[in-house]
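Count along the sequence shown from 1, then add 639; that gives the number in this note's numbering. All C-beta atoms, glycine included, are put in the ideal place defined by N, C-alpha and C. Please read these numbers as outputs of a predicted model, since none were measured by experiment. This report refers to the structure that appears directly beneath it.
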Amino acid sequence: MSELGQRLRETREQKQISLEDLQRTTKIQKRYLKAIEEGRFETLPGLFYARAFVKTYAEAVGIDHEQLFDEFKHELPNPQKEIEDLPSRSERSNRTKGPLPADRSKATSMFPMLIGLAFLIVVAVGIWLVVQRDSDENAVPPEEDTAPVEAEVGELDELPEETNDLRKEEDEAEAPVEEVEEAPIEEEHFNLAFVETQGNTSYYELSGTDRFDVVIRFNGTSYVGVTTADGESHFADNAEEGDELVYDFSGQEGAEFNFGASQFVDFVINGDPFEFALDIPHQKVNITVVNETEE
Numbered sequence: 640m641s642e643l644g645q646r647l648r649e650t651r652e653q654k655q656i657s658l659e660d661l662q663r664t665t666k667i668q669k670r671y672l673k674a675i676e677e678g679r680f681e682t683l684p685g686l687f688y689a690r691a692f693v694k695t696y697a698e699a700v701g702i703d704h705e706q707l708f709d710e711f712k713h714e715l716p717n718p719q720k721e722i723e724d725l726p727s728r729s730e731r732s733n734r735t736k737g738p739l740p741a742d743r744s745k746a747t748s749m750f751p752m753l754i755g756l757a758f759l760i761v762v763a764v765g766i767w768l769v770v771q772r773d774s775d776e777n778a779v780p781p782e783e784d785t786a787p788v789e790a791e792v793g794e795l796d797e798l799p800e801e802t803n804d805l806r807k808e809e810d811e812a813e814a815p816v817e818e819v820e821e822a823p824i825e826e827e828h829f830n831l832a833f834v835e836t837q838g839n840t841s842y843y844e845l846s847g848t849d850r851f852d853v854v855i856r857f858n859g860t861s862y863v864g865v866t867t868a869d870g871e872s873h874f875a876d877n878a879e880e881g882d883e884l885v886y887d888f889s890g891q892e893g894a895e896f897n898f899g900a901s902q903f904v905d906f907v908i909n910g911d912p913f914e915f916a917l918d919i920p921h922q923k924v925n926i927t928v929v930n931e932t933e934e
């Protein structure tokens, strides 16, 4: 028996808590509780579960799990050891999710400016025409030489150059402005790369994003265990048809998901449906978050 397991067992027995009572409280199977007391962490579903189960056990018997982890850190397994021997990232096939983001077209930002300029030109021309009409109506005709002046043929068709320029500007202002099609807003890009499968556990690496959102929907009854890399267990129980689990694991180093009946599970990562690598009911999915700066 390990020192950690002996400490947990002695505390449980001092408080007169049986393994059956502890199983009902923690929802951890009795055989796993006994394995923790005997230091047989290799028999647990995975190293992620070892730390999570020890934490849940300690809290159930009234022990500070952080102090316990610090005191017995030499006995607790390290989840990172499970992926130390994985092949280099350049040897793995990446699956890219969504197109790269792009800036909106610069022409789109010019559209409101063109509309405003056209409106100002139309207003200016209208004001000028009104002023010219009022000036002509108020003008006093000369008293001398009231005889009509005959205009030569063709002179009436010739307009002052300024009037032609104003009409040209007015025609340009009234001409429809071609609408510039806006570039579509493209989705966020990230990589969820398959690494390998060991037993019933499939390993993946998530990179290219700081976002780690998880949605789990159930169309039938299935056991599910959700544990993050820091050892915290977020869920370990049966879920029924119609249930939905939603988590935001952004900032976490990774997480492991244990599905007892994966055929009844719809698994979504960052808004994209996840396809299970194995065609078996009971399987686990281990996702490690990779920061690009670490490469």
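Scanning E844, V904 and Q645 for the CA closest to the CA of R679 turns up Q645. Minimum Cα-Cα distance from E649 among the listed residues T665, G755, K666 and E677 corresponds to E677. Straight-line measurement puts the Cα of G755 at about 56 Å from the Cα of E895. Scanning its chain for C-beta atoms nearer than 6 Å, with the 5 sequence neighbours on each side dropped, one finds around K694 the residues H704 and G870, in chain order. Linking R690 to H713 through their CA atoms gives a straight-line distance of about 12 Å. By the Cβ neighbour-count rule, P912 is exposed, with fewer than 16 other Cβ atoms within 10 Å of its own. Note: A875 is bridge-paired with G864 in the DSSP secondary-structure output.
In terms of CA proximity to E879, A900 leads the group A900, T682 and E710. Taking the C-beta atoms as reference points, T866 is found nearer than 7 Å to F687.
DSSP places L831 in the strand class (E or B) of the three-state scheme.
Note: A894 is bridge-paired with T867 and I926 in the DSSP secondary-structure output. Counted as a single uninterrupted DSSP element, the alpha helix (DSSP H) harbouring T665 occupies residues L658 to T665.
Residue environment analysis places N909 among the buried positions, since at least 16 neighbouring C-beta atoms fall within 10 angstroms of its C-beta.
Following the DSSP letters along the chain, one finds D887 inside the beta strand (DSSP E) bounded by residues E883 to D887.
Between Y843 and F851, the C-beta gap is not smaller than 7 Å, which leaves the two residues out of contact.
When secondary structure is reduced to three states using DSSP, Q837 falls in the strand class.
Secondary structure at F903: helix, using DSSP grouped into helix, strand and coil.
Around T836, the same chain offers Y842, A916 and L917 as residues with beta carbons nearer than 8 Å, after the five sequence neighbours per side are excluded. Going by beta carbons, V907 and V863 fall outside the 7 Å limit.
The Cβ-Cβ distance between A697 and T665 does not fall below 7 Å. Assignment of D852 by DSSP, reduced to helix, strand and coil, places it in the strand class. Linking L715 to I675 through their CA atoms gives a straight-line distance of about 10 Å.
For the options N830, E892 and G685, the alpha carbon positioned closest to that of G847 is the one of N830. For I702, there is no enclosing alpha helix (DSSP H), as DSSP marks it with neither H nor E. At the C-beta level, P751 and N897 stay beyond 7 Å of one another.
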